[in-house]
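Notes follow once the structure below has been shown.
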Amino acid sequence: MAITTRLRPVPLAATALTGVTALYMTLVAVGNIVDFDTNREFVRHVLAMDTTFRDEDLMGRAIESRAVQDAAYVAIIGWEVVTALVLLWATALWAVGVRRGAAERARCAGTVGLVMVLLLFGGGFMAIGGEWFAMWQSADWNGLDAALRVVVLAGLALLVTHLPTRPRELADEARPPR
-4 MAITTRLRPV PLAATALTGV TALYMTLVAV GNIVDFDTNR EFVRHVLAMD
46 TTFRDEDLMG RAIESRAVQD AAYVAIIGWE VVTALVLLWA TALWAVGVRR
96 GAAERARCAG TVGLVMVLLL FGGGFMAIGG EWFAMWQSAD WNGLDAALRV
146 VVLAGLALLV THLPTRPREL ADEARPPR
């Protein structure tokens, strides 16, 4: 009982989930930098919509300019790098906060990083790539399943991050508003 009281389970879980997400985003960013061409082809095919059903009502959305495709890919990598850095910082803050009982800075930094993940994978890949550019129609260049896995991880981490961390917070939340 003394160990759990000292370590505090919610901040410990938030630290672990934020850390796992930080690790994932770091590996994604590094992978895209080191193996630039692989995912650049992915982005090019999604934006060009060249492996979709080629419905004439949708093809006006296609972006065939290599320069614009590459700029979009570089922007994605930049977003991934910043996201990874924010999440690594949040993980460090959580690690310190778990021992000191000071979770608010970690919660704030973690929230920013996790929302950045949700914006990229939920908004960027699922909504824009999946729906606007009809990525769901492609048998070869469809990243929706992978994006969903990341959205679930980041969403779970975000929920745990915002759970009450102290018995006092639980009591305050149970008290009716005045």
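No gaps in the numbering here: position 113 of the sequence shown is 108 in my numbering, and each next residue is one more. A virtual CB, placed ideally from N, CA and C, is assigned to each residue, including glycine. In this text the structure is predicted, and so the values were computed from the model without any measurement.
Through-space distance from residue j to residue i, alpha-carbon basis
| i | j | result |
| --- | --- | --- |
| Ala129 | Ala66 | 20 angstroms |
| Arg100 | Thr106 | 10 angstroms |
| Val41 | Gly150 | 25 angstroms |
| Phe37 | Val110 | 24 angstroms |
| Asp50 | Ala57 | 11 angstroms |
| Leu115 | Tyr68 | 12 angstroms |
| Val29 | Arg35 | 12 angstroms |
| Glu59 | Arg3 | 52 angstroms |
| Tyr19 | Ala62 | 28 angstroms |
| Thr160 | Leu12 | 15 angstroms |
| Ala70 | Gly55 | 23 angstroms |
| Ala43 | Ala142 | 19 angstroms |
| Arg144 | Gly119 | 14 angstroms |
Residues near residue i by beta carbon distance below 6 angstroms, same chain, minus five either side
| i | result |
| --- | --- |
| Thr0 | Annotation note: pLDDT 48 at Thr0 (below 50); position unreliable, coordinate value reported separately. Around Thr0: no qualifying Cβ. |
| Leu53 | Ala129 |
| Gly124 | Val41 and Met130 |
| Asn27 | Asn34 and Ile72 |
Sequence-distant residues of its chain with Cβ nearer than 7 angstroms to residue i (five each side left out)
| i | result |
| --- | --- |
| Ala104 | Val81, Trp84, Ala85 and Leu88 |
| Leu113 | Val146, Ala149 and Gly150 |
| Leu158 | Val5 |
| Asn137 | Met130 and Trp131 |
Beta-carbon separation (whole angstroms), residue i vs residue j, contact threshold 8 angstroms
| i | j | result |
| --- | --- | --- |
| Gly117 | Val146 | 5 angstroms |
| Leu148 | Met121 | About 14 angstroms; that fails the 8 angstroms criterion. |
| Phe48 | Gln132 | 5 angstroms |
| Thr33 | Asp135 | Contact doesn't hold; Cβ gap of about 13 angstroms is too wide. |
| Arg39 | Gln64 | 5 angstroms |
Same chain only: Cβ atoms within 8 angstroms of residue i, ignoring 5 sequence neighbours per side
| i | result |
| --- | --- |
| Ala97 | Val91 |
| Val15 | Leu148 and Ala152 |
| Ala17 | Ala79, Leu82, Leu83, Ala85, Thr86 and Gly108 |
| Trp127 | Arg56 |
Does the segment 23 to 32 touch the segment 65 to 80, meaning 3 or more C-beta pairs lie closer than 8 angstroms? A contact exists between the segment 65 to 80 and the segment 23 to 32.
The segment 78 to 96 in contact with the segment 4 to 16 per 3-pair CB rule at 8 angstroms: The segment 78 to 96 is in contact with the segment 4 to 16.
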